[in-house]
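S.K.:
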Amino acid sequence: LLGSGVTILLVSSLVNLFMRSYFLYQVHLYLGLVIFSAFILYDTQLIVEKFRRGDKDYVWQCVDLFIDFIAVFRRIMIILAQNKENKRKK
Numbered sequence: 001l002l003g004s005g006v007t008i009l010l011v012s013s014l015v016n017l018f019m020r021s022y023f024l025y026q027v028h029l030y031l032g033l034v035i036f037s038a039f040i041l042y043d044t045q046l047i048v049e050k051f052r053r054g055d056k057d058y059v060w061q062c063v064d065l066f067i068d069f070i071a072v073f074r075r076i077m078i079i080l081a082q083n084k085e086n087k088r089k090k
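Residue 17 in UniProt numbering is what sits at position 17 of the sequence shown, and the numbering runs on without skipping anything.
(1) Please list, in chain order, all residues of the same chain as I35 whose beta carbon is under 8 Å from its beta carbon, the five residues on each side excluded.
(2) When the distance is taken between beta carbons, is R75 closer than 8 Å to L29?
(3) Could you please give the first and the last residue of the uninterrupted alpha helix (DSSP H) stretch that includes L9?
(4) Output needed for residue 103: all residues of its chain with C-beta closer than 6 Å, excluding positions within five of it in sequence on either side, in chain order.
(5) How big is the Cα-Cα spacing for V72 and A81?
(6) In the DSSP assignment, the alpha helix (DSSP H) including G32 goes from what residue to what residue?
(7) For residue 93, which residues in the same chain have their Cβ closer than 8 Å to its Cβ, ignoring the five residues on either side in sequence?
(8) Looking at the secondary structure, which residues open and close the alpha helix (DSSP H) in which K84 lies?
(9) What distance in whole Å lies between the Cβ atoms of S12 and L24, which are believed to be in contact at a cut-off of 8 Å?
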């Protein structure tokens, strides 16, 4: 399910590369926020399961979570910047 979401994000970004649609950009932004938030939940559950099985490779597990947090943080910053810009225009 998450892999399909990432595929949809990839296809929508490629389509938007040629269409340059603001609406499609916004959909891509919010859909990406939801998908990467779900990845944080998934990776956290995966870390817990790996720990129960005895896998204690903390470094790569932290890297996975860090990448997910960066993706979410980046999208939140873009949304906040857009909101600030919209308020400034009004």
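Quick reminder that beta carbons are idealized off the backbone N, C-alpha and C, glycines included. Here the structure is a predicted model, which means the values were calculated and not measured.
M.R.: So, from the data block:
(1) L2, G5, V6, L9
(2) yes
(3) 2 to 19
(4) No information on residue 103 is available, as it lies outside the stretch 1 to 90 that the chain covers here.
(5) 14 Å
(6) 22 to 52
(7) Nothing in the structure corresponds to residue 93, since the chain is present only between 1 and 90.
(8) Segment 58 to 89, the alpha helix (DSSP H) holding K84.
(9) 6 Å
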